[in-house]
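From first to last, the protein sequence lines are chains C and Z.
Quick note, the first sequence lines up with residues 3 to 166 if you use my numbering.
Quick note, the second sequence lines up with residues 3 to 166 if you use my numbering.
Glycine included, C-beta positions come from ideal geometry on N, C-alpha and C.
Quantities reported herein were computed from a predicted structural model and do not represent experimental measurements.
See below for the structure under consideration.
2 protein chains.
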Amino acid sequence: MPEPMQNGAFPAPSHDHDRCVRQAVAHAEQVCADRDLRLTPIRRRVLELIWTNHQPSKAYDLLEAIRGEPFSTAPPTVYRALDFLLDAGLIHRIESLNAYVGCDARHVAGSPMFLICRGCDRVAELPGTGVGKAIGRAAKRAGFAVDQETVEISGLCGGCADDA
Amino acid sequence: MPEPMQNGAFPAPSHDHDRCVRQAVAHAEQVCADRDLRLTPIRRRVLELIWTNHQPSKAYDLLEAIRGEPFSTAPPTVYRALDFLLDAGLIHRIESLNAYVGCDARHVAGSPMFLICRGCDRVAELPGTGVGKAIGRAAKRAGFAVDQETVEISGLCGGCADDA
DNA sequence: CGGCGCGCGTTATATTATTACATTCCGTCC
DNA sequence: GGACGGAATGTAATAATATAACGCGCGCCG
Ligand SMILES: [Zn+2]
Ligand SMILES: [Zn+2]
Ligand SMILES: [Zn+2]
Ligand SMILES: [Zn+2]
Numbered sequence: 003m004p005e006p007m008q009n010g011a012f013p014a015p016s017h018d019h020d021r022c023v024r025q026a027v028a029h030a031e032q033v034c035a036d037r038d039l040r041l042t043p044i045r046r047r048v049l050e051l052i053w054t055n056h057q058p059s060k061a062y063d064l065l066e067a068i069r070g071e072p073f074s075t076a077p078p079t080v081y082r083a084l085d086f087l088l089d090a091g092l093i094h095r096i097e098s099l100n101a102y103v104g105c106d107a108r109h110v111a112g113s114p115m116f117l118i119c120r121g122c123d124r125v126a127e128l129p130g131t132g133v134g135k136a137i138g139r140a141a142k143r144a145g146f147a148v149d150q151e152t153v154e155i156s157g158l159c160g161g162c163a164d165d166a
Numbered sequence: 003m004p005e006p007m008q009n010g011a012f013p014a015p016s017h018d019h020d021r022c023v024r025q026a027v028a029h030a031e032q033v034c035a036d037r038d039l040r041l042t043p044i045r046r047r048v049l050e051l052i053w054t055n056h057q058p059s060k061a062y063d064l065l066e067a068i069r070g071e072p073f074s075t076a077p078p079t080v081y082r083a084l085d086f087l088l089d090a091g092l093i094h095r096i097e098s099l100n101a102y103v104g105c106d107a108r109h110v111a112g113s114p115m116f117l118i119c120r121g122c123d124r125v126a127e128l129p130g131t132g133v134g135k136a137i138g139r140a141a142k143r144a145g146f147a148v149d150q151e152t153v154e155i156s157g158l159c160g161g162c163a164d165d166a
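Shown next, in the form of structure tokens:
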């Protein structure tokens, strides 16, 4: 029988990843249509490249990846696409890695939290609900008004722990 | 009457900051003595510079600050001192700012969380206890073994909210 | 003394990101 | 259709952050 998804966080090695990509692009189309944003060829391509796998992509690797394609390969090209995708909520920046991952919308509403596996370098996005509440309480006690939460957890995913 | 500390998180503008610095340096001496680490002149100086205020310091600003002092002003000088201080747990790196703040040990044991005010640019370090528990629960559900937690919250501190 | 490890100096380079300005593309209005 | 204006892209240069590689000097220990 097929391997189950590992609790829905890190996808099993055998999962249908093309489906992840198709879904991500379809979702992006939808979002852009709804909000009157333009998913131009560069932007779509960068999104696809980011979704090549579940590992965070570095800006200059993306730049390298579009060599030979009919786009400029100067840094602003990719940084502009990244800015657009970030603004549109289609990707996230992982601050502790200076890298970018596709948003899989598991956080639904509210801030996401990220699990970063140092074994396989994959990142899983989780709803940060419980964590967000705890943050809210701590912030309130300190008289602090929260704008944005950055929660990035490093460790070992289930698969990599089994390997060890 | 003197202004009270704002809930112990962000120090009041009028607080005795020299005391913060003295305490931080004294604590560093203690830690290094206990653990047989060497708080060399450069390392001590960088720590002092970081404690100049409660705002995060950028590596190259520290480098600039030691111009005229009898230290090399090449990047490795300051990065090496930062690495040492990070390893010793005397400072923290704020990933979302590429900057460094003194550890005020409010987190006691366990991972700290940081409140970053976009008004005054100060950073407060809080015990991440409740947040850490919530993270632990979410991670466990996802079959993920936590190594390191990065929790950085942007927003407005009490003082800056009052000004607005 | 001789070797060893650590801290530091020095030079060069890698990596990540932005500024500034020119050009092109596209929808809107006349 | 043609003029306009704003958004998107191209291009060149540079800024900001961080690391690699190598050598020297000094204290420690055998
Ligand atoms: Zn997938
Ligand atoms: Zn893994
Ligand atoms: Zn202070
Ligand atoms: Zn403030």
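- Approximately 5 Å separates the beta-carbon atoms of residue 26 (chain Z) and residue 104 (chain Z); this is inside 8 Å, confirming the contact.
- Residue 12 (chain C) has its alpha-carbon roughly 14 Å from the corresponding atom of residue 107 (chain C).
- For the pair residue 129 (chain Z) and residue 112 (chain Z), the CB atoms are nearer than the 9 Å cut-off.
- For the segment 68–117 of chain C, the continuous alpha helix (DSSP H) assignments of 4+ residues that do not extend past its boundaries occur at 77–89, in sequence order.
- Within chain Z, not a single residue places a beta-carbon under 9 Å from that of residue 123 (chain C); the smallest gap is close to 14 Å.
- Within chain C, no C-beta atom comes less than 7 Å from the C-beta of residue 33 (chain Z); the nearest is roughly 24 Å away.
- For the set C:117, C:131, C:152, the Cα lying nearest the Cα of residue 58 (chain C) is the one of C:117.
- Residue state for residue 150 (chain C) is assigned as strand, using DSSP reduced to three classes.
- Each residue's CA atom was taken as its position, placing residue 77 (chain C) and residue 69 (chain C) some 12 Å apart.
- According to DSSP, residue pairing for residue 129 (chain Z) in a beta bridge involves Z:114.
- Contact with chain Z is absent for residue 57 (chain C), since none of that chain's Cβ atoms lies less than 9 Å from the residue's Cβ.
- Spanning the alpha carbons of residue 87 (chain C) and residue 45 (chain C) requires a straight line of approximately 7 Å.
- Against chain Z, the beta carbon of residue 158 (chain C) has neighbours under 8 Å at 146, 147, 149, listed in chain order.
- Per DSSP, residue 29 (chain Z) is one residue of the alpha helix (DSSP H) stretching across 19–37.
- Residue 134 (chain Z) and residue 145 (chain Z) have their C-alpha atoms roughly 16 Å apart.
- For residue 157 (chain Z), the three-state secondary structure derived from DSSP is strand.
- Within its own chain, the residues whose Cβ lies closer than 8 Å to the Cβ of residue 159 (chain C), once the five positions on either side in sequence are excluded, are 8, 11, 12, 117, 119, 121, 122, 124, 126, listed in chain order.
- Residue selection by CB proximity (closer than 7 Å to any heavy atom of ligand 4) returns Z:12, Z:119, Z:121, Z:122, Z:124, Z:158, Z:159, Z:161, Z:162 in chain order.
- In this chain, residue 58 (chain Z) is not harboured by any alpha helix (DSSP H), its DSSP state being neither H nor E.
- At least one CB atom of chain Z sits nearer than 9 Å to the CB of residue 163 (chain C).
- An exposed status is given to residue 74 (chain C), since fewer than 16 other beta-carbon atoms sit within 10 Å of its beta-carbon.
- Taken from the Cβ of residue 34 (chain C), every heavy atom of ligand 1 lies 8 Å or farther away.
- A Cβ-Cβ separation of about 5 Å places residue 64 (chain C) in contact with residue 51 (chain C) under the 8 Å criterion.
- In the three-state reduction of the DSSP assignment, residue 122 (chain C) falls in the coil class.
- At a cut-off of 9 Å between beta carbons, residue 42 (chain Z) makes no contact with chain C.
- Out of Z:15, Z:18, Z:102, Z:152, the CA that lies nearest to the CA of residue 62 (chain Z) is found in Z:102.
- Not one beta carbon of chain Z lies nearer than 9 Å to the beta carbon of residue 16 (chain C).
- Look at residue 117 (chain Z): its C-beta is under 9 Å from a C-beta on chain C.
- The alpha-carbon of residue 39 (chain Z) is positioned some 27 Å away from that of residue 98 (chain C).
- Put simply, of Z:143, Z:47, Z:96, Z:140 the residue whose alpha carbon is nearest the alpha carbon of residue 31 (chain Z) is Z:47.
- The beta carbon of residue 132 (chain C) falls within 9 Å of a beta carbon belonging to chain Z, placing the residue at that interface.
- Here residue 137 (chain Z) is not near residue 96 (chain C), since their CB atoms are 9 Å or more apart.
- Rounded to whole angstroms, residue 89 (chain Z) and residue 55 (chain C) show a C-alpha spacing of 33 Å.
- Comparing alpha-carbon positions, the option among C:43, C:162, C:85 lying closest to residue 72 (chain C) turns out to be C:43.
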